[in-house]
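Colleague: Numbering (our numbering), first residue to last: -2 to 259.
Ideal placement from N, C-alpha and C gives every residue a C-beta, glycine not left out.
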Ligand code: DGL
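Structure representation (structure tokens):
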């Protein structure tokens, strides 16, 4: 059982930011990653479509014998995790914008959230936001177009910077001291964001917290790998193998990237 892989899915290549944190913390685990890039972006789809795509990806990962599933996508988590948990047997780990740590740490009492339309309009996001940030000025901005640019490998370009500039402007005017990245694609923008944000603004993403939670749930369910060998990792995309290969080229592990029609 413990040798079974951990499954991951995302609307595309962005969830590899989460996958990297998990395999770094749990080097003896095997993994399978599904990059549903042919359906990206999820963020502009209806809640019903996001749910259907999440179910499709889950079924594929279960067919591939996964023991636990990390929904490496805020949009899929905030729209589908309750349904997935009640309809499938395996444990699910979701990812949500890290509003709580930002709200608790903010001194300026203003925080920025950059996320997709699907995440910002979800009931789960509204609940978390009103629970932890009701006494703060929360500047929510939809990162329209950013997922598409990252999916096409267009990260450090003048157009991406221009888009980011327009999204950051209202946050900078409101004097935020925390920027929450509410989409698993956005950590790939951190080097540019750091250049564009005033000194002192902290950027928070949820990757490390997801990895720690994954370890905890594997242990609780006696699913943790007891192997002493390093894990094997298979990453499947239904679009460009080249772009997925490129985005994980910094990770030196036993990995294979392949095209799969799913
Ligand atoms: N990585 C997804 C997320 O975390 C991107 C969603 C999209 O495809 O729009 O929300």
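If the criterion is Cβ atoms closer than 8 Å, does the pair residue 90 and residue 177 meet it?
Modeller: Contact flag unset, no.
Colleague: Classify residue 192: buried if its beta carbon has 16 or more other beta carbons within 10 angstroms, exposed otherwise.
Modeller: Residue 192 should be labelled exposed.
Colleague: Please give me, in chain order, every unbroken run of the beta strand (DSSP E) with length at least 3 that falls completely inside the segment 175 to 237.
Modeller: Fully enclosed beta strand (DSSP E) runs of 3 or longer: 175 to 179, 199 to 201 and 229 to 234.
Colleague: Going straight from the alpha carbon of residue 44 to that of residue 235, what length do you get?
Modeller: Rounded to the nearest angstrom, the two C-alpha atoms are 22 Å apart.
Colleague: With 16 as the cutoff for other CB atoms within 10 Å, does residue 204 come out buried or exposed?
Modeller: Result: buried.
Colleague: Specify, as a first and last residue, the run of the alpha helix (DSSP H) that residue 147 falls within.
Modeller: 143 to 148 is the extent of the alpha helix (DSSP H) around residue 147.
Colleague: Using the Cβ count rule (16 or more neighbours within 10 Å means buried), how would you classify residue 247?
Modeller: By the 10 Å Cβ count, residue 247 comes out exposed.
Colleague: Take residue 167 and list the residues in its own chain whose beta-carbon comes closer than 6 Å to its own, dropping the five residues that flank it on each side.
Modeller: Contacts found: 136.
Colleague: Within a Cβ cutoff of 6 Å, which residues of the same chain sit near residue 32, ignoring the five residues on either side of it in sequence?
Modeller: Once the five neighbours on either side are set aside, the close Cβ partners of residue 32 are 9, 10, 234 and 241.
Colleague: Identify whether residue -1 lies in helix, strand or coil by the three-state DSSP scheme.
Modeller: DSSP places residue -1 in coil when its eight states are reduced to three.
Colleague: Over what stretch of residues does the alpha helix (DSSP H) that includes residue 129 continue unbroken?
Modeller: Counting along the chain, the alpha helix (DSSP H) containing residue 129 begins and ends at 120 to 129.
Colleague: Ignore the nearest five residues each way along the sequence and tell me which others in residue 100's own chain have a CB closer than 7 Å to its CB.
Modeller: Taken in chain order, the residues that qualify are 108, 129, 130 and 133.
Colleague: Should residue 174 and residue 142 be called a contact, given that it needs their Cβ atoms to be closer than 8 Å?
Modeller: No, Cβ-Cβ distance for residue 174 and residue 142 is not below 8 Å.
Colleague: Any contact between the segment 34 to 54 and the segment 216 to 233? By contact I mean 3 or more CB pairs, one from each, below 8 Å.
Modeller: Verdict: no, contact absent.
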